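J.: Structure incoming, see below.
In the working numbering, the protein residues as written are 38 to 341.
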C-alpha cells in the first residue's frame, strides 16, 4: 500500500541519538549524514528571545548549570526553572552538551557523543547556520500548553515567524505544534511556512484542550480544518488507515519518532511521506534498502 514516492528523512532535535539535542553541532552532524530537514524545539525567554530547548522547564537530563550570570542571582540555579522566567543571558550560561539521564535505560547516553560546553542556541543562530546550507528544511516546534492565554500563543508565533523571516527561511520552514492554536497564528504570521499538526494519544482524548476546539474522532479532517498543511502523528497511533485518511485530504503524513529499522521499514510500507528519527544514519540505510532516494550529505564546513 506504499504510495511509491520518496520518504523524507527528518533529524529529530538534530540527531539526538548521536549528538546533543537542539544544538548547533547536532544540526551540523545531521546534515553531514544527510537529512531533508532538521527538527527542533523552541521556547521564549523572559526578554522575548526565541531559544532552543525541548522542555518548557529546563531539565537536568539535557542541560547543566555552570554558574550564575552574576553573583547572588536569586534565580540561580537555572535548571528546573521555566524558560519563560529566565533571560537569554541566564539561558546562555547552561551547558547543553552532556546528557545526564535520570534512568539507567536511557538509550541516548549509550550512543550520543558528549560535547562539553555546548550552549543552547537561539533560533537566530540556527537560522544563520541554515542560511549557509541550501535545500535543508527546518521543522520548528513551538512549545506551548492549552492553559497559555491566546495572546501569549500569538506573541510566540509572531516572534518565531519574525526570526525565520529575517533570514528569508519561511519558505523552507514548517511550524509544528500539539497546541493547534499555534497553527492558526502561524497562518496569520507565517503564511509562507508549512503548518504541522502534531498528535499523540494524550492529545486526542474526549474533550481534549489541545486541538483548538476541533473534535478528536477524525484527526486528519480536524487538522485540515484547523489550517494544517501536514499531519504528524506519534508512531504508536500511526496506522495504514490514518495515512489513507490524511492522503485522501491531500495531507502529507510525517511520523515521529522512529528509531528501530523494522519500524522505519513498516512505515515506509504504509506510505508515509516523512519519518522523524533520532538516528538519521539508520534511516538512510533503511531507505536505501527500499530503493528510495536519499538526501545529499553536506560536505562543506558550515560551523564557524
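The C-beta atom is built at its ideal place from N, Cα and C for all residues, glycine as well. These figures come from a predicted structure and were not determined experimentally.
#1: Identify every run of the beta strand (DSSP E) within the segment 150-188, keeping only runs that are complete inside it and at least 3 residues long; order them along the chain.
#2: Closest to residue 297 by CA distance: which of 314, 111 and 275 is it?
#3: Do you know offhand how far residue 284's Cα is from residue 309's?
#4: Measuring CB to CB, does residue 99 end up less than 7 Å from residue 58?
#5: What do you get for residue 188, buried or exposed, if any count of 16 or more other CB atoms within 10 angstroms of its CB means buried?
#6: Can you check which of these residues, 202, 264 and 320, is closest to residue 52 by C-alpha distance?
#7: Counting only runs of 4+ residues fully inside the segment 57-140, write out the alpha helix (DSSP H) ranges in chain order.
#8: Report the rounded CA-to-CA distance for residue 151 versus residue 262, giving the unit in angstroms.
#9: So the candidates are 335, 302, 292 and 336; which of them puts its Cα closest to the Cα of residue 47?
#10: Using the three-state DSSP reduction, which class does residue 39 fall into: helix, strand or coil?
#11: Below 8 Å on the Cβ atoms is my guess for residue 123 versus residue 82; work out the distance and round it to an integer in Å.
#12: If you draw a straight line from the alpha carbon of residue 203 to that of residue 141, how long is it in whole angstroms?
#13: Return yes when the Cβ of residue 233 is within less than 7 Å of the Cβ of residue 248, no when it is not.
#14: Looking at the secondary structure, which residues open and close the alpha helix (DSSP H) in which residue 298 lies?
#15: Tell me, please, whether the segment 222-231 touches the segment 301-308 by the rule of three or more beta-carbon pairs shorter than 8 Å.
#16: I'd like to know if the segment 155-175 and the segment 59-75 are in contact, where contact means that at least 3 CB-CB pairs between them fall below 8 Å.
#17: If we call anything under 7 Å between Cβ atoms a contact, is residue 115 one with residue 107?
#18: Rounded to whole angstroms, how far is the Cβ of residue 332 from the Cβ of residue 71, which I believe are closer than 8 Å?
#19: Return the bridge partner residues of residue 54 from the DSSP annotation.
#20: Could you check where the beta strand (DSSP E) with residue 46 kicks off and where it finishes?
#21: What is the DSSP secondary structure of residue 339, reduced to helix, strand or coil?
#22: Considering Cα atoms alone, identify which of 236, 274, 273 and 245 is closest to residue 265.
#23: Go ahead and pull the three-state DSSP assignment for residue 271.
#24: Look at the Cβ atom of residue 316, then the Cβ atom of residue 54, and state whether they are nearer than 7 Å.
#25: With DSSP as the reference, please indicate the residues paired to residue 311 in a beta bridge.
#26: Between the C-alpha atoms of residue 252 and residue 276, what's the straight-line distance to the nearest angstrom?
#27: Reducing DSSP to helix, strand and coil, say where residue 257 ends up.
#28: Under 8 Å Cβ to Cβ from residue 286, same chain only, skipping five residues before and after it: list those, please.
#29: Run through the DSSP bridge pairs and tell me what residue 214 is partnered with.
T.: In short:
#1: Qualifying beta strand (DSSP E) stretches, in chain order: 174-179.
#2: 314
#3: Cα to Cα, the separation comes out at about 9 Å.
#4: Yes, they are a contact pair.
#5: exposed
#6: 320
#7: 61-70 and 125-128
#8: If you draw a straight line from the Cα of residue 151 to the Cα of residue 262, it comes to about 43 Å.
#9: 292
#10: Because residue 39 sits at a pLDDT of 47, beneath the cut-off of 50, its placement in the model cannot be relied upon, and the following sentence gives the value as read from the coordinates. Three-state result, residue 39: coil.
#11: 6 Å
#12: Going by the C-alpha atoms only, they are around 43 Å apart.
#13: Against a cut-off of 7 Å, the Cβ pair of residue 233 and residue 248 comes out as no contact.
#14: Where residue 298 is concerned, the enclosing alpha helix (DSSP H) starts and stops at 298-307.
#15: no
#16: yes
#17: no
#18: 5 Å
#19: Paired residue(s): none; residue 54 is not in a bridge.
#20: Counting along the chain, residue 46 sits inside the beta strand (DSSP E) bounded by residues 45-48.
#21: coil
#22: 236
#23: In the structure shown, residue 271 sits in a strand (DSSP, three-state: E or B).
#24: yes
#25: Answer is 45 and 291.
#26: 19 Å
#27: If DSSP states are grouped into helix, strand and coil, residue 257 belongs with the helices.
#28: 257, 258 and 261
#29: 234
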